[in-house]
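Terminal number for the sequence shown in full-length UniProt numbering: 280, no gaps in between.
Using N, Cα and C, we set each Cβ at its ideal position, and we do this for glycine too.
Comments concern the structure below.
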Amino acid sequence: MASHSTLLFSPPNLSPRFSSLFYYSSQSPPLQTKKLSSLSLTHSAKPRRLSVSVSASRSLQALVFDCDGVILESEHLHRQAYNDAFSHFNVRCPPSSQPLNWDPEFYDVLQNRIGGGKPKMRWYFKEHGWPSSTIFETPPEGDEERAKLIDTLQGKKLAVCSAATKSSVVLCLENLIGMERFQGLDCFLAGDDVKEKKPDPLIYVTAAKRLGVSEKDCLVVEDSVIGLQAATKAAMSCVITYTSSTADQDFNDAIAIYPDLSNVRLSDLELLLQNVVAAN
1 MASHSTLLFS PPNLSPRFSS LFYYSSQSPP LQTKKLSSLS LTHSAKPRRL
51 SVSVSASRSL QALVFDCDGV ILESEHLHRQ AYNDAFSHFN VRCPPSSQPL
101 NWDPEFYDVL QNRIGGGKPK MRWYFKEHGW PSSTIFETPP EGDEERAKLI
151 DTLQGKKLAV CSAATKSSVV LCLENLIGME RFQGLDCFLA GDDVKEKKPD
201 PLIYVTAAKR LGVSEKDCLV VEDSVIGLQA ATKAAMSCVI TYTSSTADQD
251 FNDAIAIYPD LSNVRLSDLE LLLQNVVAAN
């Protein structure tokens, strides 16, 4: 007897491309492979319906999704980050006297041509000429200087330190930021990686050692007093972005407190840390 199955998959608060309704019926005619007509997409403002017809001898065993552009609409944030870095370091490619700015139309082409942040910049500079900047007053000529320029533009060292179980944090990060950026973290530590959990400072002390930086040059972002205590005991400055369940906790030791970080820029955090260092 033929069977009939329906799979609903509509995660909230994700990319519209990811929020879709999948419908499978084994009563439909067999799927003809390599024919686009076998797979129909209905485009509308509502969740899209994907109808796939398969033979009774085949069944769907797994759904596999890409991350960027599918689960997360993140490419516009990448473009903004590049342009912010170009402006911050006054990156100018001849003959322009203005900082380099990748507009949406150009970036749409670039992101579909070159994968990865550093390869994008290296390709662009090879094609359009290596730039001057506050890093190098004149365009770098040797491989070592060019590598330093790319590494500096790519940004600050980035770490994630969570007290949660490693497998759960890995699953979360891989799905939220994508495998490429997760593997690109300069340091990742979970509760499994240290003997003592927050508020013990061990996880942050360990992170500083792995990053090869001084604790005073680190800035921690936490949401709870337990995390704040771990950071301050590690001699690190800490910014708090509280949640509804931690809003009433004592955050007097934090250098700044935000309800959220949506309007906080990297330059704001840099200035905060500079003021703390100067005051001490």
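**Prompt:** Who are the Cβ neighbours of residue 218 in its own chain at under 7 Å, not counting the five residues just before and after it?
**Reply:** Once the five neighbours on either side are set aside, the close Cβ partners of residue 218 are 208 and 236.
### Query
What's the call for residue 303, buried or exposed, on a 16-neighbour Cβ count within 10 Å?
Look at the range of the chain in this structure, 1 to 280, and you will see that residue 303 is not part of it.
Please report the distance separating the alpha-carbon of residue 170 from that of residue 201.
The alpha-carbon separation between residue 170 and residue 201 amounts to approximately 21 Å.
request  = From the DSSP output, in three-state form, read off residue 221 for me.
outcome  = Residue 221 sits in a strand when the DSSP states are folded into three classes.
Notebook entry, point to check: Span of the alpha helix (DSSP H) holding residue 235?
Noted result: Membership of residue 235 in any alpha helix (DSSP H) is not indicated, and neither H nor E is assigned to it by DSSP.
Using C-beta distances below 6 Å, list every residue in its chain close to residue 257, excluding the 5 sequence neighbours before and after it, in chain order. The answer, listed in chain order, is 240 and 251.
Check residue 194 in the structure and name its three-state DSSP category. In this structure, residue 194 counts as coil in the three-state DSSP scheme.
**Pick from 274, 277, 275 and 265 that is closest to residue 85, judged by C-alpha positions** = The candidate whose alpha carbon is nearest that of residue 85 is 265.
Original post:
Where residue 11 and residue 263 are concerned, what is the direct C-alpha to C-alpha distance, given to the nearest angstrom?
Top reply: Any reading at residue 11 must be qualified, since the residue scores a pLDDT of 38, below 50, and its modelled position is unreliable; the value itself is stated next. Going from the Cα of residue 11 to the Cα of residue 263 covers about 26 Å.
query: Got a sec? Which residues, its chain only, sit under 7 Å from residue 198 by beta carbon, not counting five neighbours each side?
result: Correct list, in chain order: 163, 226, 227 and 230.
Checklist entry - Roughly how many angstroms lie between the CA atoms of residue 178 and residue 76, to the nearest whole one? => result Near 15 Å, if we compare the C-alpha coordinates of residue 76 and residue 178.
Q. Run through DSSP, which three-state label would residue 168 get?
A. Helix at residue 168.
Can you tell me where the alpha helix (DSSP H) holding residue 185 begins and where it ends?
Element bounds for residue 185: n/a, residue is neither H nor E.
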